[in-house]
Structure formats: C-alpha cells, structure tokens
Amino acid sequence: MSEFWYTFISIDLPPLLTAIFATSSCALLGNFLLLRKASLMGDAISHSVLPGIVVAFLITNSRSTVAVLVGASIAGVLTAILIELIKRFGKVESGAAMGVVFSLLFALGVLLIEQAAARNVDLDAECLLHGQLESIFWLPPDNFRALLSWSVLSELPSELASTFFIALLSFCFVFLLFKELTVSSFDPLLSTTLGINANCLHIALMIFVGFAVVASFEAVGSILVIAMLIAPAATARLLTDRLRAQIGLSLLFGIIASVGGYILATLLPNLLGWNSSVNAAGMMAVTSGIALAVVALLSPTYGLLGRSLRSRGLRSSMSREDLLSLLYRSDELDWAVERTQREVYKLKYVIGERQYVKAINALAKEQLLIPNEFKLTEEGRRIAEHTIRKHRLWESYLVEKMGLRKDHVHELAHALEHVTSEEMESELEGALESKGKIDPHGRRIP
Amino acid sequence: MQSLTDVTFEWPSISEIVKVLFLQGGANTNLVIVGTALLGFAAGITGTFAILRKRALMGDALAHSALPGLALAFIFGQLTGWYDKALVPLLIGATITGLLGILAVQALTFGSRLSEDATIGIVLSVFFGAGVVLLSVIQEMDTGAAGGLHHFIYGQTAALSYNDVVLSLVIAVLTIVTTILFVKEFKLVCFDPGFARVQGWPAHFLDVLMMASVVLVTVTGLQSVGLILIIALLIVPATSARFWTESLSKMIFISGIFGALSGYIGATISALLPRLPAGALIVLCTGVFFLLSLFFAPCRGILANTIRQYLLRRKIARDVYE
Chain A
229 MSEFWYTFIS IDLPPLLTAI FATSSCALLG NFLLLRKASL MGDAISHSVL PGIVVAFLIT
289 NSRSTVAVLV GASIAGVLTA ILIELIKRFG KVESGAAMGV VFSLLFALGV LLIEQAAARN
349 VDLDAECLLH GQLESIFWLP PDNFRALLSW SVLSELPSEL ASTFFIALLS FCFVFLLFKE
409 LTVSSFDPLL STTLGINANC LHIALMIFVG FAVVASFEAV GSILVIAMLI APAATARLLT
469 DRLRAQIGLS LLFGIIASVG GYILATLLPN LLGWNSSVNA AGMMAVTSGI ALAVVALLSP
529 TYGLLGRSLR SRGLRSSMSR EDLLSLLYRS DELDWAVERT QREVYKLKYV IGERQYVKAI
589 NALAKEQLLI PNEFKLTEEG RRIAEHTIRK HRLWESYLVE KMGLRKDHVH ELAHALEHVT
649 SEEMESELEG ALESKGKIDP HGRRIP
Chain B
206 MQSLTDVTFE WPSISEIVKV LFLQGGANTN LVIVGTALLG FAAGITGTFA ILRKRALMGD
266 ALAHSALPGL ALAFIFGQLT GWYDKALVPL LIGATITGLL GILAVQALTF GSRLSEDATI
326 GIVLSVFFGA GVVLLSVIQE MDTGAAGGLH HFIYGQTAAL SYNDVVLSLV IAVLTIVTTI
386 LFVKEFKLVC FDPGFARVQG WPAHFLDVLM MASVVLVTVT GLQSVGLILI IALLIVPATS
446 ARFWTESLSK MIFISGIFGA LSGYIGATIS ALLPRLPAGA LIVLCTGVFF LLSLFFAPCR
506 GILANTIRQY LLRRKIARDV YE
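Note that the protein sequences, when read in sequence, are chains A and B.
Numbering of the first sequence is given in my numbering, commencing with residue 229 and proceeding in unit increments.
Numbering of the second sequence is given in my numbering, commencing with residue 206 and proceeding in unit increments.
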C-alpha cells in the first residue's frame with residue numbers, strides 16, 4: 229500500500245480507534261449518569277480505581293488486562309459501597325462523602341505507585357493522568373487484503389483490543405437493558421415496584437462505568453475519561469429531550485471530540501511552526517469542552533441564544549396583546565380621547581419606545597389595527613376580545629376561588645392573560661360559579 | 206523481580222524520627238513542617254465553611270482548573286525572561302484560571318439546564334486537559350522544567366525552597382487571622398443569610414471573603430499537597446470534626462487541629478522518606494483521623510451511636526416491662 233496509507237494505519241489509526249472506542253463507551257454510560265445526577269460518581273470512580281489497578285499490578289506482577297479489570301472492578305464496587313456506608317452511618321452529605329472516599333483511595337493509589345516504581349514495575353504516575361495515546365502504534369501488513377487475516381489482527385495493540393471489547397460490552401449493556409435503565413434513572417421507586425430493582429441496576433451501572441474507566445485509563449488517562457463520561461452526554465442533553473436522540477448525539481459528540489482533538493493535537497502545532505505534537509488526550513478533553521460551550525450558546529432549544537430569542541419573541545407578543553387590549557377597553561368603556569392617549573403613553577413607557585413602534589407596525593401589517601386613527605379592525609377586535617376574556621376569567625377565578633380582593637387582582641390577571649392556553653381557559657370557565665359571564669368589576673366577559 | 210513481601214525500604218532509625226518529629230531536623234525541614242502544619246490548620250477551618258455551604262466539590266474544580274494557569278504563567282516567564290520559576294507569578298496564574306473555572310461552573314449551571322455536579326465535572330476535566338496540553342508544550346520547550354510543574358500535581362514538601370515555604374506560611378496565617386476575625390459573621394451567613402442581610406451585614410461580601418479564603422488556601426496548598434489531593438485537605442478534616450461536636454465553633458477548631466496534625470505528621474514522614482509523595486502522605490493522615498472519628502468519636506461516631514441505641518432499647522424494654 230502507499231506511503232500515506234501505511235503511515236496513517238500504523239501511527240494514526242490505532243490511537244484514533246482506541247480513543248473512539250473509549251469515548252464511545254464512556255459517552256454511552258455517561259448519559260445515564262447524567263440523568264441520575266451521578267456525574268461525579270464517574271469522577272470518583274476514575275480516581276478510586278487507581279489503587280485497584282496498582283494492587284492488581286503488584287499481585288500479578290504483570291500488565292494483564294484481565295487482572296487490571298478485576299482489580300479495578302473491585303475498587304469501583306468498593307467505592308460505591310463505601311460512599312453509601314459513610315452517607316448512611318456517618319450521616320455525611322453526598323458531596324463530602326464522595327470527596328472523602330475518592331481522595332483517600334487515590335492517595336492510597338499514589339502511594340502504592342511509588343512502591344511499585346521501587347520494584348521496577350512499569351507504571352508511571354504521569355501516564356495515568358493523560359494516557360499514552362501517542363505510543364500506540366501498529367505495523368500493518370503490506371496490502372489491504374491481509375488486514376482481514378487473524379494472524380495480523382492478533383498483532384493489534386492491546387489497548388485497541390481492550391477498548392473495543394469494553395465498547396462492545398457497554399453497547400450490549402445499554403441496548404439490552406435500555407428500558408430498565410431508563411425507568412430506574414427517571415423514577416427509581418416506580419422501577420423497584422415494577423420489579424426492576426433500582427439499587428441493583430445502580431450498582432451494575434457503576435460496575436460498567438468502572439470497566440469503561442479502566443479500559444480507557446491506559447490509553448487515554450483519567451482526565452479524558454472523566455471528560456468523556458460527562459461532556460458528550462451533557463452536550464447532547466442541551467439539544468434534545470428524547471433519550472434515544474440524546475444517546476445518539478452523545479456518541480456523535482464523543483467521536484467529534486476524539487477525532488477533532490486528535491487532529492488539533494497533531495496538526496495545530498505544525499501550523500504554528502512546531503514540529504511535534506501536543507498531548508492528544510488533553511486536546512480531546514478540551515475539544516469536548518469547546519463543543520459543549522458552542523452548543524450551550526447556540527442550541528435553539530436550550531442554549532443561551534435560543535432562550536434569549538424566545539424570550540424576546542414572548543416580549544413582542546405581550547406588547548402587541550397589551551396594545552390591542554388597551555384599545556378594546558378604550559372602546560368598550562368609552563374613554564375620552566385624553567384618557568386613551570394617557571393610557572397609550574403609560575404603555576409606551578412600560579414597554580419602551582422600540583417595542584411600541586415594533587408592535588404598532590406589526591399590528592398594522594397584520595391588519596389588526598388602523599395605525600393613524602388608533603382604531604381596531606374587526607380581526608383585531610376579535611383577538612383583543614380573546615385576551616380580555618382570559619384576563620377577566622382570571623380575575624373572576626382569583627376573587628371567587630382564591631379569595632383575593634377585587635382591587636388586587638388586576639395586575640395578577642394582567643400577567644397571567646398572556647400565558648394562558650386554550651385548555652387552561654376552558655378549565656377556568658368550568659371552575660367558576662357564574663360560568664364566566666361577569667367579572668368582579670361588573671364587566672361582561674366576552 | 207521482587208515479590209510483594211520484599212519490602213526493602215530504607216527505614217529511618219528511631220533517633221532520626223524523633224529528631225525530625227520534634228523539630229530538630231534542621232532549619233529548612235522545621236520550616237517546611239511548621240508551614241505545612243499551618244497550611245493544614247488554615248485548610249481545616251476554611252474547609253468547614255465550604256462544607257457547610259455545600260461547596261465542597263467546587264474546591265475540586267478550582268484546584269483542577271489551576272493547572273493551565275500554572276503552565277501559562279510558566280511559559281510566559283520563559284518567553285519574556287522576567288522570572289524563571291518564581292512561585293508568586295505561578296500562583297497568580299493558577300488563581301486566575303482557577304477563578305475562571307469557578308465562573309465557568311456558575312455560568313454553565315445557571316445558564317443551562319445542566320445540574321451542578323455535571324458542570325463541575327466538565328469544567329474540572331476540560332481545564333485540566335488544557336493544562337496537560339500546555340504541560341506537553343512545556344516539555345517540548347526543552348528547558349527541563351516540566352518536572353517542577355509535576356510537583357504541583359502530586360505535591361512535594363521535601364523539595365520546597367525557603368521562599369516558597371515563607372509564602373505559604375504568610376498566606377496560611379493571613380487566612381487564619383481573617384477567619385478568626387470574621388468567625389461570627391461567617392457562621393451567621395452560613396446558616397441564615399437572609400437574617401444576616403436584614404441585620405445589616407454585607408452577606409454577599411462575606412460570602413466572597415469565604416470563597417476567597419478557599420481559593421487562597423487551595424492555591425497555596427498546590428505545592429505541598431498537589432492539586433489532585435488538596436481537596437482532601439479541605440474536606441476530610443472538616444468531615445471528621447463533625448463527628449465530635451454539634452457546636453460550630455468547636456467543629457471549626459477541631460477541624461483545624463486535624464488539618465494541622467495531618468500536615469505536621471505528613472510533612473515529617475515526607476522529610477524522613479523523601480521519595481514518597483508528600484500529598485498522598487498528608488491525605489492519608491487525614492484519612493486516619495477520619496476513620497478514627499467515624500468510629501470512635503463520642504458525639505456522633507458509629508460506636509457511640511450503637512451504644513446509645515442499645516442503652517435506649519434496654520431502657521425502653523425495662524420501662525415497658527415494669
């Protein structure tokens with residue numbers, strides 16, 4: 229195969245695939261951690277599996293993945309149990325309990341690493357933080373066809389194999405137990421009564437998180453694991469309400485973070501004139517953060533931009549409704565011209581000059597208002613009637629059912645009239661004794 | 206390959222232990238031990254307020270976010286040549302990004318539907334990731350100084366210079382004095398900020414002052430305990446102290462004592478066995494105090510509670526059957 233492909237497959241592809249598999253398993257499980265507000269358990273587990281890993285090293289004197297996984301799983305389960313015990317018997321609050329357990333276990337792990345280093349066991353404290361993606365490589369065979377043979381595949385780097393298997397395991401866990409995980413995340417009590425033991429599922433989730441942490445540790449280090457457990461799921465959460473969509477999006481963002489981070493780590497320094505790369509795992513964590521920041525700003529549903537646009541839209545529609553209602557009242561109660569002018573002035577003061585002009589123009593354009601004469605058209609009158617109806621229904625309800633005095637209800641009804649739905653309106657009408665004919669001030673309800 | 210049972214340590218002799226423990230190990234060692242003990246005291250008392258305000262893990266975000274600041278300050282120093290590895294600029298850099306991290310947590314929590322635990326985790330790992338990237342840049346800069354920054358991650362009391370220790374001493378004393386001066390006001394703001402405001406106390410300013418002492422203690426503790434474990438020095442003594450008393454003043458004091466003792470013992474052991482990471486040692490000392498408190502504290506410890514419950518059940522049984 230060509231030079232380019234050879235370099236790519238030997239140097240770039242293994243770390244990329246390892247990172248993608250690691251972040252996929254973390255992103256997948258992270259969705260459920262996010263829903264249970266247990267994101268920091270992921271942080272805690274990543275710190276506290278350290279002594280488990282080191283002890284496994286020391287006992288087996290090898291870097292066998294199975295030993296490490298067992299050691300880490302034990303540490304992971306131990307963490308969850310210890311945290312619960314301290315919370316229950318020590319009556320310590322949740323954040324403090326987590327902090328105590330994970331930092332003590334991490335300190336133990338750090339101490340054990342020094343012991344291990346003294347015995348020439350190959351374990352490096354730095355690597356645990358940021359992994360060693362750059363050192364994962366593979367010597368591919370000469371042609372593409374040979375890629376499919378078993379002897380070649382068995383030469384794959386161990387990190388790639390272990391992250392692949394854990395990704396597969398996580399996928400199976402989530403897809404097979406999707407309904408159970410969903411129910412127990414949203415409503416643990418309900419799920420237990422339905423026969424799906426919420427506690428067992430919680431522990432199972434923590435065990436799988438431990439697996440994902442451990443498998444990814446060696447390759448990408450503990451920081452990236454924490455970032456990948458939370459950030460892609462959080463980013464997806466800001467874009468959608470549906471769980472399946474959220475899971476899919478989180479996988480997408482995980483891949484974006486891995487691939488994007490890798491590209492930035494290798495290419496960006498080149499662009500800036502360096503001839504070496506920066507730490508890939510760190511860059512991937514940063515990329516996931518950037519993706520989150522972008523989505524938090526621009527998401528149309530839950531981002532800053534979307535929410536500010538929506539609130540502005542609400543403000544405009546409220547201004548328009550207020551203007552229409554004012555003109556309706558001026559007509560119905562037969563105000564003198566000076567009074568109408570005064571009320572319009574008050575409205576202009578409250579909503580601001582710009583909103584006022586916008587409202588007038590919008591209403592004129594929709595033919596609800598005759599601009600120069602301040603009169604309502606037929607259509608405008610109907611809409612104003614609707615708003616006034618909601619206002620007076622609320623006034624009646626507040627006086628009749630909630631016992632407020634009738635000179636106190638105007639402001640409240642004024643605020644509520646803009647956000648009352650059709651359904652709410654008919655409920656209000658049904659609840660009133662007078663069945664919505666006269667408001668507390670004696671005026672007719674249209 | 207050596208086996209697990211082959212513990213060839215270079216244990217210091219008993220006389221050496223006594224010498225260092227009772228502050229006769231040399232001026233530098235003494236200073237480090239005393240400085241670390243004072244830092245432990247400061248961390249213990251500020252940690253109490255952090256826990257009461259349920260801000261324990263915010264300190265974790267702060268510590269992890271400090272890493273890029275350290276690296277940037279270092280790079281800046283190298284590039285401009287103003288300072289080489291002086292501590293103060295590094296700590297200033299650490300404080301700046303640490304505070305940025307906290308702001309990011311607040312912004313994400315209040316500006317989006319994410320809950321605080323998720324935002325703390327995100328900020329913590331993303332900022333730390335940025336720090337790790339910058340550290341790799343420093344390694345490429347080939348000035349051999351990245352090792353020094355490594356000490357900020359895991360802590361290393363034995364390698365502290367005189368000036369470093371004096372700085373941390375000064376900050377620790379400053380924090381302790383501030384807390385003692387404001388202890389009544391801090392207590393009030395912790396338990397009833399509304400009342401405090403109504404009585405005319407600037408509750409917001411006091412809150413900021415509390416947060417500021419956490420920031421100061423965290424940033425100062427970076428060099429002794431390292432940024433991953435400084436959170437332990439803030440949380441564990443305070444949590445341990447809770448088991449001994451219901452009174453807040455006593456809790457603050459006991460927490461400080463636990464922190465100070467852990468710092469003292471941890472730094473002593475680190476002086477005797479310099480290859481062991483100091484941060485881990487200090488934190489393990491806090492852990493020992495925690496376990497002792499959890500089980501044996503007479504006020505709220507598990508043993509005391511069990512005995513009290515047993516005595517109560519006996520009393521009830523006796524009353525019922527008489």
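Glycine included, each C-beta is placed from N, C-alpha and C at the ideal position.
Starting from residue i and walking both ways along the alpha helix (DSSP H), at which residues does that stretch end?
i                 : result
Trp-406 (chain B) : Unbroken run through Trp-406 (chain B): none, as it is neither H nor E.
Gln-514 (chain B) : 507 to 525
Gln-361 (chain B) : No alpha helix (DSSP H) contains Gln-361 (chain B), which DSSP labels as neither H nor E.
Trp-622 (chain A) : 606 to 628
Ile-484 (chain A) : 471 to 499
Gly-359 (chain A) : It is not in any alpha helix (DSSP H) - Gly-359 (chain A) carries neither H nor E in the DSSP assignment.
Leu-277 (chain B) : 261 to 285
Cys-395 (chain B) : 367 to 396
Asp-322 (chain B) : 321 to 346
Pro-294 (chain B) : 292 to 316
Lys-455 (chain B) : 453 to 477
Phe-501 (chain B) : 483 to 501
Thr-234 (chain B) : 232 to 257
Arg-672 (chain A) : Taken as a continuous stretch (DSSP letters only), Arg-672 (chain A) belongs to no alpha helix (DSSP H), as it is neither H nor E.
Going by beta carbon distance, what residues of the same chain come within less than 6 angstroms of residue i, once the five residues before and after it are set aside?
i                 : result
Leu-297 (chain A) : Val-442
Cys-490 (chain B) : Ser-467, Ile-470, Gly-471
Val-430 (chain B) : Gly-360, Leu-438, Gly-484, Ile-487
Tyr-584 (chain A) : Lys-576
Gln-343 (chain A) : none
Phe-330 (chain A) : Ala-272, His-275, Ser-276
Gly-303 (chain B) : Leu-267, Ser-270, Ala-271
Ala-377 (chain B) : Leu-243, Leu-244, Ala-247
Ile-457 (chain B) : Ile-250, Thr-253
So residue i packs on residue j, CB below 8 angstroms; how close in whole Å?
i                 : j                 : result
Met-263 (chain B) : Val-310 (chain B) : 7 angstroms
Ile-248 (chain A) : Ser-486 (chain A) : 5 angstroms
Ala-299 (chain B) : Val-424 (chain B) : 5 angstroms
Gly-304 (chain A) : Ile-435 (chain A) : 6 angstroms
Thr-251 (chain B) : Val-422 (chain B) : 5 angstroms
Ala-440 (chain A) : Ile-364 (chain A) : In fact, because the Cβ distance is near 18 angstroms, the residues do not count as touching under 8 angstroms.
Thr-251 (chain A) : Met-456 (chain A) : 4 angstroms
Pro-668 (chain A) : Val-637 (chain A) : 7 angstroms
Val-514 (chain A) : Gly-489 (chain A) : 7 angstroms
Phe-391 (chain B) : Met-415 (chain B) : 6 angstroms
Ala-508 (chain A) : Ala-519 (chain A) : Wrong, their Cβ atoms sit about 16 angstroms apart, outside the cutoff.
Leu-479 (chain A) : Leu-256 (chain A) : 7 angstroms
Asp-369 (chain B) : Leu-292 (chain B) : 5 angstroms
Ser-238 (chain A) : Leu-367 (chain A) : 6 angstroms
Leu-340 (chain A) : Val-283 (chain A) : 7 angstroms
Leu-278 (chain A) : Ile-458 (chain A) : Their Cβ separation, rounded to whole angstroms, is 19 angstroms, which puts Leu-278 (chain A) and Ile-458 (chain A) out of contact at 8 angstroms.
Taking 8 angstroms as the limit between beta carbons, can you name the residues of its chain near residue i, skipping five residues before and five after?
i                 : result
Ser-527 (chain A) : Leu-466, Leu-467, Leu-533, Gly-534
Ser-320 (chain B) : Thr-314
Met-206 (chain B) : Here Met-206 (chain B) scores only 40 on pLDDT, less than 50, and its place in the model is too uncertain to base an answer on.
Quick one: residues in its chain with C-beta nearer than 7 angstroms to the C-beta of residue i, no 5 flanking neighbours on either side, listed in chain order?
i                 : result
Phe-357 (chain B) : Leu-275, Leu-427, Gln-428, Gly-431, Leu-432
Asp-410 (chain A) : The amino acid occupying residue 410 (chain A) in the given sequence is Thr; Asp does not appear at that position. Only Leu-471 meet the Cβ criterion.
Thr-324 (chain B) : Val-310, Leu-313, Thr-314
Ser-475 (chain B) : Thr-362, Ala-363, Leu-481, Ala-483, Leu-486
Item checked: Contact between the region 335 to 346 of chain B and the region 395 to 408 of chain B (3+ Cβ pairs under 8 angstroms) -> no
Next item on the list: Enumerate, from N- to C-terminal direction, the unbroken alpha helix (DSSP H) stretches of 4 or more residues contained entirely within the region 293 to 356 of chain A.
Entry: List check, alpha helix (DSSP H) in window: 293 to 317, 322 to 346.
Notebook entry, point to check: Per the contact definition of three or more C-beta pairs closer than 8 angstroms, is the region 645 to 663 of chain A in contact with the region 616 to 633 of chain A?
Noted result: Inter-segment contact for the region 616 to 633 of chain A and the region 645 to 663 of chain A is present: three or more beta-carbon pairs are separated by less than 8 angstroms.
Item checked: Contiguous alpha helix (DSSP H) assignments of at least 4 residues, all confined to the region 229 to 272 of chain A -> 231 to 235, 241 to 263
Checklist line | Touching by the beta-carbon criterion (3+ pairs, under 8 angstroms), the region 233 to 241 of chain B and the region 409 to 423 of chain B | finding: Because the criterion of three Cβ pairs below 8 angstroms is not met, the region 233 to 241 of chain B and the region 409 to 423 of chain B do not touch.
Note to self: Which runs of the beta strand (DSSP E) at least 3 residues long sit entirely within the region 399 to 452 of chain A? Give them in chain order.
What the structure shows: Counting whole runs of 3 or more residues, the region 399 to 452 of chain A contains no beta strand (DSSP E) stretch at all.
Margin query: Contact between the region 276 to 296 of chain B and the region 250 to 261 of chain B is defined here as three or more beta-carbon pairs at a separation below 8 angstroms; is this criterion met?
Written below: no
Next item on the list: Specify whether the region 630 to 640 of chain A and the region 604 to 613 of chain A touch according to this definition: at least 3 beta carbon pairs, one from each stretch, less than 8 angstroms apart.
Entry: At 8 angstroms Cβ cutoff, the stretches do not touch.
Check: Taking only runs of the alpha helix (DSSP H) that begin and end inside the region 505 to 556 of chain A, which ones reach a length of at least 4 residues, in chain order?
Finding: 508 to 526
Note to self: For the region 312 to 329 of chain A against the region 254 to 274 of chain A, do three or more pairs of beta-carbon atoms, one drawn from each stretch, fall closer than 8 angstroms, so that the two count as touching?
What the structure shows: yes
Notebook entry, point to check: Which residue spans inside the region 556 to 594 of chain A form an unbroken alpha helix (DSSP H) run of at least 4?
Noted result: 565 to 579, 581 to 593
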